[in-house]
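Chemist: Attaching a single structure in structure tokens format; questions to follow.
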Amino acid sequence: MRGRQKIAIVGAGLGGAAAATLLQQAGFEVDVYEQAPEFTRLGAGIHIGPNVMKIFRRMGLEQKLELMSSHPDFWFSRDGVSGDYLSRIPLGEFARREYGASYITIHRGDLHALQIDAIKPGTVHFGKRLEKIVDEGDQVRLDFADGTHTVADIVIGADGIHSKIREELLGVEAPIYSGWVAHRALIRGEHLAQHADVFEDCVKWWTEDRHMMVYYTTGKRDEYYFVTGVPHEAWDFQGPFVDSSQEEMRAAFDGYHPTVQKLIGATESITKWPLRNRNPLPLWSRGRLVLLGDACHPMKPHMAQGACMAIEDAAMLTRCLQETGLSDHRNAFALYEANRKERASRVQSVSNANTFLYTQEDPAWVYGYDLYAQELKSGEAA
Numbered sequence: 001m002r003g004r005q006k007i008a009i010v011g012a013g014l015g016g017a018a019a020a021t022l023l024q025q026a027g028f029e030v031d032v033y034e035q036a037p038e039f040t041r042l043g044a045g046i047h048i049g050p051n052v053m054k055i056f057r058r059m060g061l062e063q064k065l066e067l068m069s070s071h072p073d074f075w076f077s078r079d080g081v082s083g084d085y086l087s088r089i090p091l092g093e094f095a096r097r098e099y100g101a102s103y104i105t106i107h108r109g110d111l112h113a114l115q116i117d118a119i120k121p122g123t124v125h126f127g128k129r130l131e132k133i134v135d136e137g138d139q140v141r142l143d144f145a146d147g148t149h150t151v152a153d154i155v156i157g158a159d160g161i162h163s164k165i166r167e168e169l170l171g172v173e174a175p176i177y178s179g180w181v182a183h184r185a186l187i188r189g190e191h192l193a194q195h196a197d198v199f200e201d202c203v204k205w206w207t208e209d210r211h212m213m214v215y216y217t218t219g220k221r222d223e224y225y226f227v228t229g230v231p232h233e234a235w236d237f238q239g240p241f242v243d244s245s246q247e248e249m250r251a252a253f254d255g256y257h258p259t260v261q262k263l264i265g266a267t268e269s270i271t272k273w274p275l276r277n278r279n280p281l282p283l284w285s286r287g288r289l290v291l292l293g294d295a296c297h298p299m300k301p302h303m304a305q306g307a308c309m310a311i312e313d314a315a316m317l318t319r320c321l322q323e324t325g326l327s328d329h330r331n332a333f334a335l336y337e338a339n340r341k342e343r344a345s346r347v348q349s350v351s352n353a354n355t356f357l358y359t360q361e362d363p364a365w366v367y368g369y370d371l372y373a374q375e376l377k378s379g380e381a382a
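Residue numbering for the sequence shown follows UniProt numbering, beginning at 1 and increasing consecutively.
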């Protein structure tokens, strides 16, 4: 006789970790399988909007995040050359009042560590690179590169843009290179202190075909981060990123405002990453497999909502499984897609277009969204 029904999550990134905690809190038995050998403070900066802080409230993590993070009062958009303000989007107290939660910026690794700690001890398994998926009818078998395997009633693919679960559903297909790269660098606070400039908490410097987004990643303001979007004709080197340099940055941002030049000069290490995405997928689930986050709808990072969409996915999938029960997973998956596809696709489209908050606009459709206040639309199982 089989034991209690089980959910397997492939990938322990921000979306997978959120799904694990939310599903465990809802009473489901969940194990997470991550190919990395251990947790490390990976990545750099990330924005978390009020739409997702409300989900972290449900997880019991909101107050800890509030204490760790930077709280910008505005998202400023500025002309990259003249420095003129293109928009001043109120955040801070305005966000708390109008959208129901804070807007924060934080180091991705610090957020991830908090999320991993929130998962039930012993249920995150590192060093588990998925090699094979076998549908056994009443369960799914996952075979890992280390020779081990597990079985589960459903499998959630939270394994990123190169998702093995997506590949099982839709076949092998490389993600699309967008024609843009992102330079990334963390700057120590003491390096900023050498300059008299005012370094704003959250500012995006724009010109017609490129930009630089800059913000603090800690409440102590001892770490300042920039990420760029710059055209690059071809991704002509191997690996997820390569080293860049101040010289390359100065060439890419030639003529930009003196404050930007000082930021470039304050860096110790710069990396360059290809920006890849996919066209909207024809399906999000099949049988006992379902996708979320970058496995499902990867996007350029230009709205600072990619991880937020993965965490929203996790919360909605949990709601839908609670609604139907695990035995009726097909209807849960249909309900999930019906209640996520329109919003995730809209954010994906706007993010890829890189127009968000360039001029003064109302971002309430993003930040004011409360996933738990949404009435579930009906879904139809395939």
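The beta carbon of each residue, even a glycine, is placed where N, CA and C say it ideally should be.
Since the structure is predicted, the reported quantities are computational estimates derived from the model, not experimental observations.
Using the Cα positions of residue 55 and residue 345, report the straight-line distance between them to the nearest angstrom.
Modeler: When rounded, the distance between both Cα atoms is 20 angstroms.
Chemist: So, with DSSP's three-state summary, where would you put residue 350?
Modeler: Helix at residue 350.
Chemist: What would DSSP say about residue 191, mapped onto helix, strand or coil?
Modeler: Of the three classes helix, strand and coil, the one that applies to residue 191 here is helix, per DSSP.
Chemist: Closest to residue 342 by C-alpha separation, out of 93, 373, 377, 143, would be which residue?
Modeler: That would be 377, whose Cα lies nearest to the Cα of residue 342.
Chemist: Take the Cβ of residue 38 as the centre, count every other Cβ of all protein chains shown within 10 Å, and call the residue buried at 16 or more, exposed below.
Modeler: Under this definition residue 38 is an exposed residue.
Chemist: Given residue 256, which residues of its chain have a CB within under 6 angstroms of its CB, disregarding the five upstream and five downstream residues?
Modeler: Correct list, in chain order: 80.
Chemist: Considering Cα atoms alone, identify which of 246, 229, 103 is closest to residue 353.
Modeler: The shortest Cα separation from residue 353 among 246, 229, 103 belongs to 229.
Chemist: Considering Cα atoms alone, identify which of 223, 100, 248 is closest to residue 50.
Modeler: Of 223, 100, 248, the residue nearest in Cα terms is 100.
Chemist: Which of the three DSSP states is assigned to residue 288 in this structure?
Modeler: In the structure shown, residue 288 sits in coil (DSSP, three-state: anything other than H, G, I, E or B).
Chemist: If you reduce the DSSP assignment to three classes, tell me which class residue 4 lands in.
Modeler: DSSP places residue 4 in coil when its eight states are reduced to three.
Chemist: Can you list, in chain order, the residues of its chain whose CB lies under 8 angstroms from that of residue 116, leaving out five sequence neighbours each side?
Modeler: Excluding positions up to five away in sequence, the list reads 12, 17, 39, 124.
Chemist: Reducing DSSP to helix, strand and coil, say where residue 220 ends up.
Modeler: In the structure shown, residue 220 sits in coil (DSSP, three-state: anything other than H, G, I, E or B).
Chemist: Taking residue 121 as the reference, which of 30, 86, 143, 157 has the closest Cα?
Modeler: If we check each option's Cα against that of residue 121, 30 comes out closest.
Chemist: Answer with buried or exposed for residue 159, where buried requires no fewer than 16 other C-beta atoms within 10 angstroms of its C-beta.
Modeler: So residue 159 ends up on the buried side.
Chemist: Contact check, residue 281 vs residue 15 under 8 angstroms by CB: the rounded distance?
Modeler: Going by Cβ atoms, the distance from residue 281 to residue 15 rounds to 15 angstroms, so no, they are not a contact pair.
Chemist: Taking the beta carbon of residue 301 as the centre, do at least 16 other beta carbons fall within 10 Å, making it buried, or is it exposed?
Modeler: Buried, since its Cβ has 16 or more Cβ neighbours within 10 Å.
Chemist: Please determine if the region 176 to 183 and the region 274 to 290 are in contact, where contact requires at least 3 C-beta pairs separated by less than 8 angstroms.
Modeler: Yes, the region 176 to 183 touches the region 274 to 290.
Chemist: Check whether the Cβ atoms of residue 322 and residue 366 sit closer than 8 angstroms, and answer yes or no.
Modeler: The answer is no: Cβ separation not under 8 angstroms.
Chemist: I believe residue 202 touches residue 75 by the beta-carbon criterion, under 8 angstroms. Please report the beta-carbon distance rounded to the nearest angstrom.
Modeler: With a Cβ gap of about 5 angstroms, residue 202 and residue 75 count as contacting.
Chemist: Mark residue 225 as exposed unless 16 or more other C-beta atoms lie within 10 angstroms of its C-beta, in which case mark it buried.
Modeler: Buried, because 16 or more other Cβ atoms sit within 10 Å of the Cβ of residue 225.
Chemist: Going by the DSSP bridge assignment, what does residue 215 pair with across the sheet?
Modeler: Note: residue 215 sits in a beta bridge opposite 202, 225.
Chemist: Specify whether the region 58 to 77 and the region 211 to 223 touch according to this definition: at least 3 beta carbon pairs, one from each stretch, less than 8 angstroms apart.
Modeler: They touch, by the three-pair rule.
Chemist: Specify the secondary structure class of residue 159 as computed by DSSP and reduced to three states.
Modeler: Here residue 159 sits in coil by DSSP.
Chemist: With the cut-off set at 8 angstroms, would you say residue 360 and residue 87 are in Cβ contact?
Modeler: Yes, they are a contact pair.
Chemist: Compute the Euclidean distance between the alpha carbons of residue 231 and residue 209, then round it to the nearest angstrom.
Modeler: If you take the alpha carbons of residue 231 and residue 209, they lie about 7 angstroms apart.
Chemist: Determine, using beta carbons only, whether residue 324 and residue 335 come nearer to each other than 8 angstroms.
Modeler: Against a cut-off of 8 angstroms, the Cβ pair of residue 335 and residue 324 comes out as a contact.
Chemist: Return helix, strand or coil for residue 210, following the three-state DSSP convention.
Modeler: If DSSP states are grouped into helix, strand and coil, residue 210 belongs with the strands.
Chemist: Using alpha carbons as the reference points, say which of 119, 170, 66, 266 lies closest to residue 93.
Modeler: Ranking 119, 170, 66, 266 by Cα distance to residue 93 puts 66 first.
Chemist: What are the start and end residues of each continuous alpha helix (DSSP H) run of 4 or more residues lying completely inside the region 115 to 168, in chain order?
Modeler: Those alpha helix (DSSP H) runs which fall completely within the region 115 to 168 and span 4+ residues do not exist here.
Chemist: Run the CB neighbour count on residue 27, radius 10 Å, all protein chains shown included, and call it buried at 16 or more, exposed below.
Modeler: Exposed, since its Cβ has fewer than 16 Cβ neighbours within 10 Å.
Chemist: Specify, as a first and last residue, the run of the alpha helix (DSSP H) that residue 50 falls within.
Modeler: Where residue 50 is concerned, the enclosing alpha helix (DSSP H) stretches over 50 to 59.
Chemist: In three-state terms, what does DSSP make of residue 91?
Modeler: Three-state DSSP puts residue 91 in coil, outside helix and strand.
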